[in-house]
Amino acid sequence: FTLESSLRHAIELNQLELYYQPKVCPNTYEIVGAEALIRWNHPEWGIVSPDEFIPLAEETGLDIEIGNWVKRTTCIQNKQWQDANLPKIAVSINLSANRFLEQSLITNVVNVLEETKLESKYLEIEITETSLLENEKIVFSVLEGLKGLGVKVALDDFGTGYSSLSSLKRFKGLIEILKIDRTFINDLTPLDTADSNFIAKMIIQLSQQLRMAVVAEGVETTDQLEVLNNYNCDSIQGYLFSKPVPASDFEKLLRKGK
Ligand code: G
Ligand code: G
Ligand code: NA
Ligand code: MN
Numbered sequence: 312f313t314l315e316s317s318l319r320h321a322i323e324l325n326q327l328e329l330y331y332q333p334k335v336c337p338n339t340y341e342i343v344g345a346e347a348l349i350r351w352n353h354p355e356w357g358i359v360s361p362d363e364f365i366p367l368a369e370e371t372g373l374d375i376e377i378g379n380w381v382k383r384t385t386c387i388q389n390k391q392w393q394d395a396n397l398p399k400i401a402v403s404i405n406l407s408a409n410r411f412l413e414q415s416l417i418t419n420v421v422n423v424l425e426e427t428k429l430e431s432k433y434l435e436i437e438i439t440e441t442s443l444l445e446n447e448k449i450v451f452s453v454l455e456g457l458k459g460l461g462v463k464v465a466l467d468d469f470g471t472g473y474s475s476l477s478s479l480k481r482f483k484g485l486i487e488i489l490k491i492d493r494t495f496i497n498d499l500t501p502l503d504t505a506d507s508n509f510i511a512k513m514i515i516q517l518s519q520q521l522r523m524a525v526v527a528e529g530v531e532t533t534d535q536l537e538v539l540n541n542y543n544c545d546s547i548q549g550y551l552f553s554k555p556v557p558a559s560d561f562e563k564l565l566r567k568g569k
C-alpha cells in the first residue's frame, strides 16, 4: 500500500527519471542508438529499480501514466540532443504488453511525435514476446500502425520465450529489430566452435536473412565483443561500453561520439 501511494505521486513529485544506455557498433564503438530505462528516485528508499515498481504499476493501472511519461520524456530529450547538434540516434522505450496492445498507442505516438517535433525514425519500441501472444487482430493492427508511422519495433529478450521463431515468421516485416537476450551473450567464449557460440551466430545470421537489425544485449567483456564483431552483429549494448546513465552523462558520451 505504501509503495502504491508513493508511486502514485512519483510523477508529479518529479521522482521518475530516465537513464540511457548506449547501443554501439562493435567495430567502431560509435554510438548508434540508446535504450531509455526508467528509475524512481525515492527520497527515503533511494533508487528503486523498475523490476520492483513496474509490476505494481501494471497491477494498479499507474503504468498508463508512467508509459505516457516515458514516451514523451524520451522524445523531448532526443529532440533536445538533436537541436544541440549531437549525432542523431534512435532511442528506444520499453512497453509492457498492456501498454502495447491498445489502439490508443498509435494516436498517442502520433501526438507525441507531433508535439515534440521528433521524426518517427528516432523513436523505437521494445516489446517482449508476451505482447505478441495476445489477440492476433490487435497485435497486427498495432504493429501495422507503428510500421505505417515509421516507428520501429524491437523484439526484446529474443530466444527466451515460448515461440521466438514462430514470432519472427508471423510478424516478418513488422518487427524490424531483434535483441539477443543476454543469457546467450553471457555464454559466448573466444572459441568459435563452442555450442554457445553457434546459437548466437545462428541468431545473427537469421536476423540478417530476415533483414532485421540485430542487437546483442549484456555485452560485458572484450572477448564477447570480439566474437560478436566477427559474427557481424549490428550493434551491442552492455556494461562493457556503458551502464545505463542519467541524461547528462549520456549527453557527454554522445558528444564524444563514442
Ligand atoms: O534497467 P533495468 O535492468 O533496471 O531494467 C529492469 C527491467 O525493467 C527490464 O526488464 C526493463 O525492460 C524494464 N524497464 C525499464 N524501463 C522500463 C519502462 O520504462 N517501462 C517498462 N514497462 N519496463 C521498463
Ligand atoms: O528486459 P530488458 O532487456 O529491457 O532489460 C535491460 C536490463 O539489462 C536493464 O535493467 C539494464 O540495466 C540491464 N543491463 C544492461 N546491460 C547489462 C549488462 O551488460 N549486464 C547485465 N547483467 N545487465 C545489463
Ligand atoms: Na529492453
Ligand atoms: Mn532485453
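Sequential numbering from 312 applies to the sequence shown in UniProt numbering. Here a beta-carbon is modelled for each residue, glycine too, at the ideal position from N, C-alpha and C.
Counting the other Cβ atoms within 10 Å of the Cβ of Tyr433 gives 16 or more, which makes it buried.
With respect to the C-alpha of Ala465, the residue from Ser317, Gln393 and Glu528 having the closest C-alpha is Glu528. Between the region 485-494 and the region 509-528, the count of C-beta pairs closer than 8 Å reaches three or more; the two stretches touch. By the Cβ neighbour-count rule, Ala395 is exposed, with fewer than 16 other Cβ atoms within 10 Å of its own.
Partner residues in the beta bridge of Val525, as assigned by DSSP, are Leu489.
Per DSSP, the beta bridge partners of Leu434 are Val402. Placement of the Cβ of Glu531 at a distance of 7 Å or more from every heavy atom of ligand 4 is found. The C-beta of Met523 has 16 or more other C-beta atoms within 10 Å across all chains shown, which makes the residue buried. In this structure, the CA atom of Leu348 is about 33 Å from the CA atom of Asp503.
When beta bridges are read from the DSSP output, Lys463 appears opposite Glu435. Looking at the DSSP output, Asn352 sits in a beta bridge with Ile358.
The set of residues with CB atoms less than 5 Å from any heavy atom of ligand 3 reads, in chain order, Asn405, Glu437 and Asp467.
By the C-beta density criterion, Lys399 is exposed, having fewer than 16 other C-beta atoms within 10 angstroms. The shortest CA-to-CA distance from Gln326 to any of Glu315, His353 and Thr339 is the one to His353.
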